[in-house]
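This report concerns only the one structure given below.
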């Protein structure tokens, strides 16, 4: 094989911290890669490009400390990644389709990504003596019966329904991660991510913020599932990335999950009002049936993140939606005019 | 490759139903294999012999319609099994260490057995157009907050604790199984098995019935975890096997799990009293701390099994314990005398 970078003339710029970011071409992953590069670290991004946007990747690929490898984490780790183990200091698992229509398209793959994929990355972290962070999800709480959700709530998840491939996959991934931690095989961190929004979202992945903004900008009918009284709490992506980095950096035993999200709760109808006001759309609102097992309420209790990391979200909904609308407006410019795309 | 049996002189005795029984050398699996053979079917037993008793297997191996293949279902299916697909009519997944001390020994393996192993068997069933049955567990209810537990109860499971590799592994296995069913990839059946006891249990796997009987028979101290007021409901193994076979045979869409167990609930102290009376032991009782996440109460609501399968347990605790004690007494004869084994 060829000599690695560190032996060549570029050795002097080889940074100390090499991060493996699985799912680094995705929505949150791409922001994380950017933030790690911005603080002087190196990033090896693994992504199967299943649900990632190529433009997220293009914005990173020119960077001298960024490298991309197309890889599905459910498959055995490529030898070239294993050879980098001595240099890897951090392994971040942000890989998995996260919106219900996408993760339900191939539920077997979703489950294996969460379980086998997480295990493959944990083994890499173990071999590299690197710290590992799993991005778990508020979906581990299912349709919660207590409110807001603190980390010790065990959840109300259907393990037989169409969302189970994701929800139970993430719960299994947490179980695996804490088992590695308990056995001293790796230092572990588990973040439970609540609804997040911002630039680099996929316009068509079916999440409520991107759905409503894109429908408004395209002048299409705006879809509300159910009567819109269900609540969500939306965290702007820069806040989320700051929380993930703080959690990875924090010195503690790591043996408890940490909620990350914005506790500002609103109904879907309120969000709709904001989007309508911001975009000035006159689009009609249509109601569709609530999906199976759709949670009625979601709000994180973030006291643990506050106490442990000194972290709290900073970006207001007004600021965040404004930036997100502006970004989507640019993204959609290249699209055919409303009505043509159908 | 060589011609298969059905082309040879033994073709006339080739039975119609070929069952793949994963975990067939285990406690319940060995009884299931015997029952299938007894009704004239063929059995291919896959087992890694991780927690199975070789003597369970020896009792089956002489049978002309029984075949054993040592195989870990978490590994890719052997080609010789795949070649049998056209003859396979039923795939039973009873493979996984089931007692807490054993499944916690290698939690990664436990999780992968449940997820990857179940998926491998589901793929086999899909290829074979065979019906698939997963033995799930009452552990999917965790430490239940409603009582008794019906199938629509979503459970109270910790996905971060030391039991999660099993509990969440089984929940993930259910999710996978129902996804195959929903997509029409296989006909599926999911049984949630509650505590079961009887001959062929491992004397040393740490389950309460075998623990107490063997301690009594050996004249050792008898261990009760906690104060013994926690409840369990014990099903005799012949009832369990009858339930599993009825579920596999039942004609319905299979898209709901079915509890199998005995609803006769008792405290661990009551069980202890029965065992003491039956064995006449004068052994001292010692109390040890309750394990983490140990469920306080467990009792199946078996109305679904009754309505769907016309099934209910028939063997009383007195009969079942009597048979089990007699079997253990014979098993332990070969052991060194009490006190010597330490």
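Protein chains in written order, with full-length UniProt numbering: chain D, 1 to 342; chain C, 1 to 342. Note that the Cβ used here is the ideal one computed from N, Cα and C, for glycine as well.
* To do: Kindly identify the DSSP beta-bridge partner or partners of residue 267/C.
  => 231/C, per the DSSP bridge assignment.
* Where does residue 259/C sit, in a helix, a strand or coil, going by DSSP? -> Note: residue 259/C maps to strand in three-state DSSP.
* **Proximity below 7 Å, CB of residue 192/D to CB of residue 233/D** => No, the Cβ-Cβ distance between residue 192/D and residue 233/D is not below 7 Å.
* Quick one: which chain C residues come within Cβ less than 7 Å of residue 159/D? -> Result: 140, 171, 174 and 175.
* **beta strand (DSSP E) runs contained entirely in the stretch 42-83 of chain C, provided each spans 3 or more residues** => With a minimum length of 3 residues, the continuous beta strand (DSSP E) runs that stay inside the stretch 42-83 of chain C are 42-47 and 66-70.
* Sort 150/D, 155/D, 151/D and 134/D by Cα distance to residue 144/D and report the nearest one. => Out of 150/D, 155/D, 151/D and 134/D, 155/D has the C-alpha closest to the C-alpha of residue 144/D.
* Asked: Which word fits residue 75/C, buried or exposed, when buried means at least 16 other C-beta atoms lie within 10 angstroms of its C-beta?
  -> It is exposed - the Cβ of residue 75/C has fewer than 16 other Cβ atoms within 10 Å.
* To do: Would you please verify whether the beta carbon of residue 178/C is less than 7 Å from any beta carbon of chain D?
  => The beta carbon of residue 178/C sits closer than 7 Å to some beta carbon of chain D.
* To do: Identify which residue in 159/C, 322/C and 310/C has its Cα closest to the Cα of residue 276/C.
  => Comparing Cα positions, the closest option is 322/C.
* Would you say residue 327/D reaches chain C, if we count a Cβ-Cβ gap shorter than 7 Å as a contact? -> Residue 327/D does not count as touching chain C.
* Which residue's Cα is closest to the Cα of residue 310/D: 295/D, 242/D, 272/D and 267/D? -> Looking at the Cα atoms, 242/D is the closest of the given residues.
* Proximal chain C residues relative to residue 125/D, where beta-carbon distance stays under 7 Å -> The premise fails here: residue 125/D is roughly 13 Å from chain C at the closest Cβ pair, so nothing lies under 7 Å.
* Do the stretch 145-164 of chain C and the stretch 76-92 of chain C make contact, defined as three or more Cβ pairs closer than 8 Å? -> Look at the beta carbons and you see the stretch 145-164 of chain C not touching the stretch 76-92 of chain C: under three pairs across the two are nearer than 8 Å.
* To do: Report yes if the CB atom of residue 231/C is closer than 7 Å to the CB atom of residue 123/C, and no otherwise.
  => In this structure, the beta-carbon distance from residue 231/C to residue 123/C does not fall below 7 Å.
* To do: Can you grab the Cα-Cα spacing for the pair residue 176/D / residue 111/C, in whole Å?
  => Approximately 7 Å, taken between the alpha carbons.
* Could you pull the start and end residues of the alpha helix (DSSP H) that residue 91/C belongs to? => In the DSSP annotation of this structure, residue 91/C is not part of any alpha helix (DSSP H); the continuous beta strand (DSSP E) holding it starts and ends at 88-93.
* Asked: Under 8 Å Cβ-Cβ, which residues of chain D neighbour residue 119/C?
  -> For residue 119/C, the chain D residues whose C-beta falls within less than 8 Å of its own C-beta are 108, 111 and 112, listed in chain order.
* Can you say whether residue 66/D is buried or exposed, counting buried as having 16 or more other CB atoms within 10 angstroms of its CB? => Residue 66/D is buried by the Cβ-count criterion.
* Asked: Measuring CB to CB, does residue 172/D end up less than 7 Å from residue 168/C?
  -> Yes, the pair counts as a contact, with Cβ atoms nearer than the cut-off.
* Asked: Between which two residues does the alpha helix (DSSP H) harbouring residue 303/D extend?
  -> First-last of the alpha helix (DSSP H) with residue 303/D: 303-309.
* Note the first and the last residue of the continuous beta strand (DSSP E) segment covering residue 225/C. => 222-225 is the extent of the beta strand (DSSP E) around residue 225/C.
* **Residues near residue 56/D by beta carbon distance below 6 Å, same chain, minus five either side** => Answer for residue 56/D: 25, 30 and 200, listed in chain order.
* Does the Cβ of residue 344/C have 16 or more other Cβ atoms within 10 Å, making it buried, or fewer, making it exposed? -> The structure shown does not extend to residue 344/C, since chain C is modelled only from 1 to 342, so the question has no answer here.
* Given residue 114/C, which residues of its chain have a CB within under 7 Å of its CB, disregarding the five upstream and five downstream residues? -> If we look at residue 114/C and ignore the five residues flanking it on each side, its Cβ neighbours are 96, 169, 170, 172 and 173.
* **Where residue 18/D falls: helix, strand or coil (DSSP)** => Strand, per DSSP.
* Which residues in chain D sit within 7 Å of residue 115/C, going by Cβ to Cβ distance? -> Within 7 Å Cβ-Cβ: 111, 115 and 172.
* Counting pairs of beta carbons, one from the stretch 200-219 of chain C and one from the stretch 246-264 of chain C, are three or more of them closer than 8 Å? -> With fewer than three CB-CB distances shorter than 8 Å, the stretch 200-219 of chain C does not count as touching the stretch 246-264 of chain C.
* Just reading off the alpha helix (DSSP H) that residue 216/C is part of, what are its end residues? -> Run containing residue 216/C: 208-218, per the alpha helix (DSSP H) assignment.
* Whose Cβ in chain B lies nearer than 8 Å to the Cβ of residue 257/D? -> Included in the structure are the protein chains D and C, with no chain B among them.
* Asked: Taking residue 79/D as the reference, which of 262/D, 149/D and 120/D has the closest Cα?
  -> If you compare the alpha carbons of 262/D, 149/D and 120/D with that of residue 79/D, the shortest gap goes to 120/D.
* Asked: What does residue 165/C touch in chain D if you count any residue whose Cβ is under 7 Å from its own?
  -> Simply 175 and 179.
* On a CA-only basis, which of 142/C, 273/C, 225/C and 330/C is nearest residue 299/C? Give me that one, please. => When only C-alpha atoms are compared, the closest one is 142/C.
* Could you tell me the distance, in whole angstroms, from the CA atom of residue 20/C to the CA atom of residue 43/C? => Between residue 20/C and residue 43/C, the C-alpha separation is close to 6 Å.
* Just the Cα atoms here: how many angstroms apart are residue 226/C and residue 150/C? -> Distance between the alpha carbons of residue 226/C and residue 150/C: 26 Å.
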